[in-house]
Every structure is written in structure tokens, then in C-alpha cells.
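Enquirer: Protein chains in written order, with our numbering: chain A, 151 to 252; chain B, -15 to 673; chain C, 153 to 314; chain D, 907 to 1103; chain E, 592 to 948.
Where a beta carbon is used, it is the ideal one built from N, C-alpha and C, also for glycine.
Shown next as C-alpha cells:
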């Protein structure tokens, strides 16, 4: 069986699941961020794969480009927030930062 | 050189002053030499526009170059922005950038030492940018935008010395009076937009000639034209709204030269020239009458004014009246010619007056001057040349255009019977010559009134003299025609500026505007009827002779009155005291406006305030009493029944909350796990796979 | 075509294996560096999908930018007295169950769906087409994104400095 | 304005610096290929010491002049009938030099030892490369006698001494009554002091 | 072209690709590094009026080989507190990053490792990969100096990528291509067709471009200099502050790999400068091969010119190194963010305006 659309989709699905797993299980906020990056990458693979095999033309690639830009912005902001959290709580473990409960 | 290159060039010309403005406004305070940059950008704009005008007038003389792009799509309506390059716009841009450049150079010396030096140049740049925009626009929307920008920047420039109360008041006055005209223009543009769904000139005009009219009638077209003309009334300081212009002399003198000679006030005339093709006969007649009035009234006012700049200001209004009147009577080309020639010599006059004022240490009263001829030789000569041009003496450019206007008016009167217009025109010629030479004699010839200031007067620096020389040289006939008596001989009128094709329906035009032979009106140019041509031809020589006589007699009278003192001026003034007072107090326009509009507005608002206090408040208070009573009742209801229910709900949800708080750990990740499980459950329920 | 398949499996394995390590290793810095390999694998997949421009953008932005940012984040928010930078994990069991079932369903969905596949030509150059799309159809989005990125970066800088 | 002038100035200064270094690219180098080419040393340079043992009379003056005590000299008196040779200036030698060591690990090249030498047998050479792997290798010995000769000379001297002692003892015994005892003891002490040196 | 030949020779695209991918390493990087190290020593020596290595071979020409032999024999020290996997991986990644750059460098019209359309972009992207390796090395060393050096290096490389990309963008905007092959072909003919002289074709544009091209060249050169951590931007390995920066803990062959990567990077960035502004592999005066009708000579000449240009810029790098003192960290960042980036942006806008005209 030649490599086709499905192969890429499965790779992206697995990547996506690992991303969710990382988000759910890790305590460190930076690790959560890494999980988010994994998910974004999975989405990007889907976009590009459909752009290659589907009938969307280059729209998929453009979308992937947008996602990459968004990821950059998101990472920058998230890390800035993290630094502030670290300064406030002296930890970045998300399970210790549960002020939301109160 | 292709058309697209010309368009690109025009865009560059448009944005160069803006770049200068942006840089100057942001760095003007910190950097000392922003004015150099400002002068350089405007200089570059001038060079480019000279190049542009040359290319356009040699290679594309019969073409209208239009470039447009879609700005916004709203539903089915798409709004286009774009540039229009035709002969009048390139000639106009050449004039505008030239005068602007000259004023910039002049200002470098004139404004030296001002504490807001950088900002001043920034404003000049902004003004030049907006004016360039007006010239290049091909649609009403952009025209309106830049129109307002011009209004704004002129406000900034007139009120430049805002510490002075009079200056800031003058700025506000100019702004508000302009706004009144602009409202009319805005309404006119809206009427046109509602009718044609577009702002572009060419589309609107072609639709008019195709028979589509606002409200379906010629009257609608007349109204639309007049409303747009309202904008010109405001900006060009025409008869009812001319009051701002004399006050605007509070601004720096170079600003007066820029705004009130070549650009802003000319914008109104330019606007009328742009929309000339859609003006009906009725509209044109009203325009001509307003033009005639605004030519005559300020001329009489100028006779008695003593402030050097005020005299020039009233003379400006009067000359603008000439142009408007000329447009009104269909002498389109002469109006445009006068626009250009007037731009040069009036700018020269203003700059010359600035030179005088600076030499006299900011003394503006001409009765306190005198004898400056020897102290300021360059200023005197250039001022004299420009005054001759303004008076319409042969060998000057002013003679060519003024003669043409008078001839056109005479021909018009002979065909339609409105003889008052030429009479007004000729008398204005007399008055103009008189007051200009009164000014010159009092300033430069007669014995010095203030010996101390006379002693200290000195010729202005080179940077101020050179602009004067350039402008006065441009006031000579040679640039416009080789024959000093016949303006038609030059390329300017014979090749470049043509009356546009009238797109108004034939029954709404002046009779003589219907072309003699049907189908000959090609090349965007109308051929007026043969009678008109004959009348114009016939009126040419008499008009020339009469206007010359008028001008010479005006000059002669001025010399009699002031130089040789044959007639005692004060006694004459005593004799015609009411007339003198009327003229000296500017026909009481400001007072009338104060009494009618300002007082009326205040009275109306008092009335409204009374209405508000007594009647509306009474109703409100009454209803409040009712409400109070009702709320007492509902308070009781609330306490017993509603609160009972609410308390029960709260208790119930408290119990629920005790259960559900176990799930709320405050950790987002736990929630995500819940989300995943719920998604899984949902997926199982709906089985998408 | 065999080489294409081979390279695909290579990159897919690189991606997935290193992604696995990213989410399971306890040492954060190891995770971050494995993220680098994941990104490289994804880049390879992009190249295989004939999206060379996207691949290089991925390389620049993710590897050059985001990864470094993450590493800085790790290093700034942990006291690096020694190399053992540990991070705890929790709720592993529910996560494994939930994510496992979820992945199963997703994979099943992906494989069972009849995707309409067009056998399109492999394009020679993508940059031109992407550029055309970006500056014509998506120009507003493009500019908004530019502004967003600018605002985000300025905000991030000012927040991080506080 | 200041911004641009700073930028241009910094670029310009870089160029100026580059010009300087570029010029130096073509300046002939000041270093030399040392082991192959050596610079001529100046006159009166102070390097390794050399002792011409033919001239040395074992007077011990250099050792006493040395501020760091790097010279060790041991001498033995020759037998009265022995011919120890003459120095180049014709002076008769009287002592066998059995040890003449200079420790160059200690030597400070002050040249103070050179001046007192009566026979000018110790002087500075132009040898300056004498690095060694062992520090003891820096201890140079200038003695010309073989170890056998040294032991022989020492034995000779010891014999002579014992002979002398015996003779003296006899003489002392003879003069015990006549001569002062004190002076005889002093004589012995003197001799033993000399022996130590 | 070379690939086609290899494909014909081996009959397998895999072998052809593999062999071709080793070309730059064995035919270029290693000899170049050998030569460049020797050159650096010689240049530094002569600039300080010294002689430099003279004993091994003619004027010390074989000194580098001797050094490499020495490095190969040295003990590979791994401290106990080092993070071993990353410590061992880091030099490989650094070297891989700088080696991958050579895939797209146009040595001549006939040999470009991978003639892709995005060559220029690729080079910039891949050279950014080095950062990851450096950070890895710095962190895994578990040494304050190493970590500080790595952090500085990362901040520096990432910052200086911005002006690099903007200047490259300026060129791309004019030429409309990212392919190094096309870029070089565009500048064929004589040297006045080079981008630094306003690019190909006559016209007013050409002359208006020249000053801005020059500014762009200077910015590109400075920022690439900083990207390869050369003096005056060598604060990541500042000897007087950080011992040796991120490779303090490395010895033996691993250190040699860092060294090799540094020299490979030096040539790579010089090659970018040469390809973008100085005509790539094009001869400035036309080809002997054309004159004597020997077509096979042309690629060789092109190779010669390309390496000559590259070596010239490498030489200038060395020249600068022995001219200028090191910048402080804050000065380094100020140069980038306050000077290079704004100026390159303005340059971009002006060049855009000129090209629109």
C-alpha cells in the first residue's frame, strides 16, 4: 500500500493524541505548552495533507502558515504569562496554582 | 512615458508632502533642520509636477488619464478611489506646487526664530498634501475628504499663532464658516451618490448626459449643482460666506499667500470648474450673480481699509468673484486662466506685503508707512508689477485674463440681457486699480509717516526676495501668450484649456450653449452657438478698451487723491459719510451675522431650555410620583412571595453545589479529561465512524 | 515510489517516537529537545507533502523561534542547580484511558471515511501560489495576523519585563 | 541626526581600524625563526657561567661573593713536592679543586662572582638555552679531575696531614715543656677549620 | 548535473544522492577548514607583525593536520556531572546544522547540492538550527560558563536573524526569486550586473539602488558575522569572561566538531553574502571557457570564482576579528535592535519605493 492521505492523517492523529496526553498529564506549565504545540503541529499536518490530496489548492498551506504564525504569538504570550506566574507563585506547576478553585 | 508612469508620478507628487509632514510633525521638535527636508520634499514635488505637466501637455494633450481602484464594496455599491490627470489638473498642480515651494522658501527666512518653526513647516506640508489631493481627485468622495483636510490644515495655519486670541478666533471662524458651505457640498454629493451610486466624476457626467437626473427633473440637477457650489462659496469666500477670509489674515503672511492666493480659495473655483459640465443654466446664472456680488462688495470695502493685508484679502475675494462670475457666464477658459494668473500675482502681493511688514517691524497699518520705495527696492518693483497685473494693465498676465472675463461677461449680457454683470465687472476694475494704487502710494510713495520705523526699515533677506522676483516674473504676459493683447494666441488657451462638453440636457442649458451644428461636439469640448462666438468676438475690443480706461482712471484717481493731494480724502469721506462708514465697516456683515445667526441661535436654545425645564421636567416628576406609589406595592409583593421562591432555589442549588464541587478541582487539566470523556461518550452516542 | 514510502516511514517514526518521549520523559529539557526532533519530523512530512515553503517556515519559526523560547522558559522558570530538571505528572490513568479511546475513535474515523482524493500533479514551486493567495484572497487576514503578531510580541516583551 | 552620525561614525572608525591592521599585514614580522636564527646577543650579556679550571686556583672568592650560594667549592691542598701547574698568568697553584659545582637552578645571573676572581677564570658565556628535564641536571660540575684522582688527592692530603700531625705531635712532645700549650692547640684548630672548607 | 552523472554511473538514485551529499564534506568543508584555520593563524600573526606557524610544512601549511592528529589522540573527557546523552549529541547537531547549509550553496552552475527554489530561505532556516545544538551543549555541560555562553549565543543568533532576513527580503523583492541558482544566473555577465552595483539591466533604477544595496550589504555582513559568533560579536565564547563559552567542557574530537562547524559556518555566511550581492559563482569579467570555446572549463572557473569570493569574505571576517575588540552584551543587542533592524527596514521600504517607480 502506497503512502497516501490516510497515512498522514494517522500520523497527525497520533501526534494530536500525544499532545492531549501531554496537556492532561504534565504538571509543569511549559510542558503543557509543548503539548499545545504538538496539537498545532498535528492540525498543520492535516491542513497540508488535505492541500496536497484534496481539492483545496493552496488554501490549506496558507492556513498552515497562519497557524504557525498564531503558534508563535501564542508561545510568546504564554511564556510571558508563565514568567509572571513564576514571579508570583515561584512555581510553574499548574496543579499548585489552583486559585481558580476559590 | 506611458500613462501608468504619469499616474505613478502623480501618486509620488501627492505623497511627497505627506511624507514631509509626517517626518516634520514627529521629529520637528527634536531636529533642527526638518524645514530643509520639508523644502526638499516640496521642491521635489514641484520638479516632478513640472515634469508631469510637461509630459501631459506635450504628449497626452487630448487625453484624460484616469486610474482608479475599488476601495470598498458595500453590497452592490463599490466605491472607487482614483486619480484624474487632465490638462487643468496638471496646470493646477504645477501652480500649486510652485506657489507652495515659493512660500516654503520664503517662510524659511520669514518664520526664522519662531518657536514652533518645525511644526509650521509640518502644517505647510499637510496643506500642500491636501491641496494636491483636491487637484488630482477623480471623484467627489476624495474631493470631499481632501476638502475637509484643506479646511483642517488651513485652520491650523490661520490659528498658527494661537496664543493670540484674535488668531485662534480667526482660525475657528474660518473653520466654522467653511463648515457651513461644506454641509451644502456634502448634501449635494449625497444627492449625486443616491442618484448615481458612484462618486466618480466621469461616470456621473456621462450618466447625466445619458439623461439620468436627480429626482428625475432638471431642477434636481440645478439643486445638486448649487449645493456643491455651496462648498465653493465657503472655500472660495464668496458673497455670503466671505467673512472668514479677511480675519484669516491673522495667520502668518506666507500662509496668507499660500492659502488665499493660489490654493485653498482657488480650490473652490477649481471645484466649480470640475463640475462645470453638470451645471444647468439656472445654476450658472445664480453662480454668476453671486460671483458678481462677491466681486463688487469686497472691492468697495477694500477702498477704505487701512490694514495692508486686509486690503489684499478683500481684493482676493473680489478677484475670486470675478472667476466665479466668469464661470457663471460660461467663460470657462478665462476663469481658469484668471485662476492661474491671479495665483501668481496675488501670491507675489502677499509675499511682498510680508516683506513690507517685516521691514516695518510688524506694522500693518498703511497710514503709518510711506516712502518705502527707496528702502525696499526689490519689494517695491515686484509689488508694482503684481499690482499692475491685478489692475489689468497691458503686458501683464492679469490684463489677459481680466480682459477675457470682461469680454465674456459682456457677450453674455448682450445675449441674455443681464447687463448688471458687466457693469459690476467694469466698476470692479476701476475700484481695483484705485485701491491697489492707494495701497502702493501710501506704502511706498508718500512721505514716511513714522520716521523712526522708516529709518530702521531694510530690504528683506535673499530667501524672501527671490520668491518675489520669481512670482513677479510669472505675472508677465510672456508665459501665457506671445501676443500681449490677445490671450488666444498662446498655447495655454488654444491648446491646453478647453471648455468641457456640457452634459446637461439641452433644454436646461443657456440658449447659446447649444452647439451650432449638432454632432460637432467631439473631443470633450463644446462649441457654443455662432451668436455667442460673434458676440464674444465683438465684445473683445470694446471690453479691452473700457477696462483699460477704467483701470487707468482708477490709477489716475489714486494718484490724484493720495500722491498729489488734489482732493482732500477726509473731506470726501465726511461728505459721503454713510457710504464711507458702510465700506469701512465692511458692510456690517459681521454685525449682521452676529445679530441674526448667533443671537438667533442663542435665543432658540433659551427657548428650548425653558421647554425642557418646565414641561418635560413636569411630566417626568408626575410620572415619578406614580412610580413611587406602585413600587411600594410591589415591594411588599417582592418581600413575601418572590423572596420565598428565591430562597428555596438558593437552598436547592446549595445542595446541588455540594455535590458538584467535587468535580471542580480548579485544575484545567482535570476539566480537559472530563471534556475528553464527554467527547468520547458523544462520539459513541452518535457514531460518526 | 519505494524511496518515498521509506522516507515517509522514517519521518513518521521520528515524529511519533519523539512526540512520545516529549510527553512521557520526566526531564523537561529532554522533552524540549525531543520536541526539536518532532518538529524536524513534521518538517520532513511537509516536504513529502510538497509544501516546501511551509516546511522551511516550520524550520524557522518552530525550530528557530518557538523551541528556543520554550527552552528559555524552562531555564528561566527552574532553578538550574543541576541538570536534573524534573517535572511531575498526575492523573495518568484517566488520561491514558480517555486519550486511548479517543485516539482509537479518531483513527477509526480517519480510516473509515472515504476521502475524495485528487491525484494532483506535484507542484514545482509553491511560493508563488502561496504569495498570490496571501496578498489577494487572504490579504485582510494576513495583515490582521501581522498586527496580531506585533501586538502579541510587544505585549509579551512588556509583560516579561515587568 | 545624532543617531545617523553615530552609526556612520562607528562604521568609519571600523574602517580606520581595518586600514591599520591591513597595513600591518605587510609589515615584515618582528619575530624570527628562533632555533634556526638567533639574534646576536649584546656585549656583556649575562648568561651561563663557565669556569676555566685550568686557571682556577680554588681561592673560594667567587663562592663567597655569590648572594644565593649557588657555587660550591671544595679544595684539597697539594703535596709540597707536587706540581699543580700554573695559571695562564703564571701563578703557581697550591690547591686541588675537588669540587666546583654551580647550581643554575639557583643562579641569578648577577655576575658578582666574576669580579672577585683573581685569575679571571670564571666568566659569563653566551649560552642561554639550558633547559633540562631534571632539576639536578642544572647542577653543573666543572671539576676536571676524575673521581679516582680526587680520592687519591684526598688520601694524599690525609696522609700528609697525619704525617704533619704526627710530626707536630712529636714536636709538641719535644716542646711540651718549652712552648706554650695554647698556641699549639690553636694551630690544630686552624687546620681543622681549613679542612672543612 | 553532477547528480545526473552520478545517477548514470551508479544506476541508483539512493547511491547517487548519498555520494553527492558527501561531496561538500570531503571535497570542500574539510579542506576548507584545514585551510581556513591555517589562514586565520597566518592572518592574525601577520596583522600582529608575527610569523605564525612555520615549522610543519611550508610556512606551517600542515600545522592544522598536525593539530587534528593531536585532537584525535586526545582523551575524550566527559565530566561526571555532565548530562551525557545531550552532551554527546550537541556537537553532532551543531555540525549537522552547519553542514546542511552546504546543500543549497551554489558552488557553480553545475554543482548545487540541491537546486531548490527556496535555497536562500533554506540556508537561513537551517543555520538557525545551530542554536539548538549550542543550547544543548551549554545546558548539558552543567557549567555556569557554558550555560551563560549558550544563552547569549541563542539570544544573539535569534536576534541577528531578523536583519539578515530583512536584507535578504530586500533582494528577493527586487529579483523575485529565492533560488540561489536563479539569483546567480541573474547577475551573470560582468561585475556591474552584481546586486551590489544595482543588479542587472541598465536604467535609472540601477543607479538609485547602489547606495541602498551598499547599506544592505553592510547590514547583511554585520549580522551574518554575529550569527556565526565571530569577533567583534563573540561574546558567547568570550575568553576573558566565560572561559570558552558553550564548548568549555568539550575536548578532543567533539571540540574539533564544534571547530569544524564554526569554520563551515563562516564560509556559509560568506557564501550567502557573495551569492546575494556579489554575483554568486559568476565571474566578474567573463569566462575563459567562453573565450577558448571550452565549455567544460566554465564550471571549474565558476567554482574558482565562488570560492575566491567566499574566501575573500572569510578573510574579511578574520581581518575584522584582529581589528576590533569585543562588544559588550548590551551593546551587541543595541546594535541589532536599535541600528540594524530599523535601518534595514527603512532600506527595505526605500528599495521597494524605488522598484515601484
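Output, in chain order, the set of chain C residues within a Cβ distance shorter than 8 angstroms of residue 605 of chain E.
Expert: 155
Enquirer: Can you grab the Cα-Cα spacing for the pair residue 288 of chain B / residue 217 of chain B, in whole Å?
Expert: 24 angstroms
Enquirer: Could you have a look at residue 302 of chain C and say whether DSSP puts it in helix, strand or coil?
Expert: helix
Enquirer: What does the Cβ neighbour count give for residue 230 of chain B, buried or exposed, with the cut at 16 atoms within 10 Å?
Expert: buried
Enquirer: Kindly indicate if chain C contains any beta-carbon less than 9 angstroms away from that of residue 303 of chain B.
Expert: no
Enquirer: Determine, using beta carbons only, whether residue 180 of chain C comes closer than 9 angstroms to chain B.
Expert: no
Enquirer: If you check the beta carbons only, do residue 612 of chain E and residue 700 of chain E fall under 9 angstroms apart?
Expert: no
Enquirer: For residue 874 of chain D, count neighbouring C-beta atoms within 10 Å of its own C-beta (all shown protein chains included) and say buried if the count is 16 or more, exposed if not.
Expert: In the structure displayed, chain D extends from 907 to 1103; residue 874 of chain D sits before or after that span and is not available.
Enquirer: Can you give me the C-alpha to C-alpha distance between residue 826 of chain E and residue 234 of chain A, rounded to a whole angstrom?
Expert: 28 angstroms
Enquirer: Are there three or more Cβ pairs, one per stretch, closer than 8 angstroms when the segment 991 to 1008 of chain D is compared with the segment 940 to 949 of chain D?
Expert: no
Enquirer: Hey, does residue 250 of chain C have any beta-carbon neighbour from chain B nearer than 9 angstroms?
Expert: yes
Enquirer: Give me the chain E residues within the contact set of residue 913 of chain D, using Cβ-Cβ distance strictly less than 9 angstroms, ordered along the chain.
Expert: 930, 934
Enquirer: Which residues, taken in chain order from the segment 174 to 187 of chain A, show a beta carbon closer than 7 angstroms to some beta carbon of chain C?
Expert: 174, 175, 176, 177, 178, 180, 181, 183, 184, 185, 187
Enquirer: Given residue -13 of chain B, which residues of its chain have a CB within under 6 angstroms of its CB, disregarding the five upstream and five downstream residues?
Expert: 49
Enquirer: Would you mind stating whether residue 87 of chain B and residue 108 of chain B have Cβ atoms separated by less than 9 angstroms?
Expert: yes
Enquirer: Quick check: the segment 690 to 699 of chain E against the segment 852 to 866 of chain E, are there 3 or more CB pairs under 8 angstroms?
Expert: yes
Enquirer: With a threshold of 8 angstroms (Cβ to nearest heavy atom), would residue 655 of chain E be considered close to the ligand FAD?
Expert: With respect to the ligand FAD, the structure offers nothing, as it holds no ligand at all.
Enquirer: Can you list the residues of chain C that residue 836 of chain E reaches, using a CB-CB cut of under 7 angstroms?
Expert: Neighbours of residue 836 of chain E on chain C: none; closest Cβ ~16 angstroms, over 7 angstroms.
Enquirer: Does the beta carbon of residue 907 of chain D come closer than 9 angstroms to any beta carbon on chain E?
Expert: no
Enquirer: Could you give the C-beta distance for residue 908 of chain E and residue 824 of chain E, rounded to a whole number, given that I count them as a contact under 8 angstroms?
Expert: Distance from residue 908 of chain E to residue 824 of chain E at the Cβ level is roughly 11 angstroms; contact not present, criterion being Cβ atoms closer than 8 angstroms.
Enquirer: Which of the three DSSP states, helix, strand or coil, is assigned to residue 267 of chain C?
Expert: coil
Enquirer: Using the C-alpha atoms, what's the distance from residue 644 of chain B back to residue 637 of chain B?
Expert: Residue 644 of chain B has its alpha-carbon roughly 10 angstroms from the corresponding atom of residue 637 of chain B.
Enquirer: Please go through the segment 251 to 331 of chain B and give each complete alpha helix (DSSP H) segment of 4 or more residues, from N-terminal end onward.
Expert: Within the segment 251 to 331 of chain B, the runs of alpha helix (DSSP H) at least 4 residues long that lie entirely inside it are, in chain order, 265 to 286, 292 to 312.
Enquirer: Under a three-way DSSP split, which group does residue 1003 of chain D fall into?
Expert: strand
Enquirer: Note down, in chain order, every chain E residue with its Cβ under 8 angstroms from the Cβ of residue 306 of chain C.
Expert: Chain E residues near residue 306 of chain C: none, gap ~13 angstroms exceeds 8 angstroms.
Enquirer: Which two residues bound the contiguous alpha helix (DSSP H) that contains residue 645 of chain E?
Expert: Run containing residue 645 of chain E: none; DSSP gives neither H nor E here.
Enquirer: DSSP three-state call for residue 310 of chain C: helix, strand or coil?
Expert: helix
Enquirer: According to DSSP, simplified to helix, strand and coil, what is residue 488 of chain B?
Expert: Note: residue 488 of chain B maps to coil in three-state DSSP.
Enquirer: For residue 217 of chain C, would you say it is in contact with chain E, using Cβ-to-Cβ distances shorter than 9 angstroms as the test?
Expert: True, the Cβ-Cβ gap to chain E drops below 9 angstroms.
Enquirer: Mind checking whether residue 381 of chain B and residue 260 of chain B have CB atoms under 9 angstroms apart?
Expert: no
Enquirer: Name the chain E residues that come within less than 7 angstroms of residue 931 of chain D, Cβ to Cβ?
Expert: Neighbours of residue 931 of chain D in chain E, taken as residues at a C-beta separation under 7 angstroms, are given in chain order as 637, 638.
Enquirer: Taking three-plus beta-carbon pairs below 8 angstroms as touching, is the segment 243 to 263 of chain C in contact with the segment 668 to 686 of chain E?
Expert: Cβ pair count under 8 angstroms is below three, so no.
Enquirer: For residue 945 of chain D, decide whether its Cβ has a neighbour in chain E, counting only Cβ atoms nearer than 9 angstroms.
Expert: no
Enquirer: Could you tell me whether the Cβ atoms of residue 407 of chain B and residue 246 of chain B are closer together than 9 angstroms?
Expert: no
Enquirer: Can you pull out the residues from the segment 329 to 363 of chain B whose beta carbon lies closer than 8 angstroms to at least one beta carbon of chain A?
Expert: Answer in chain order: no residues at all.
Enquirer: Consider the Cβ of residue 677 of chain B: report whether some Cβ of chain C lies at a distance smaller than 9 angstroms.
Expert: Summary: the structure shown does not reach residue 677 of chain B, with chain B confined to residues -15 through 673, and so no result is reported for it.
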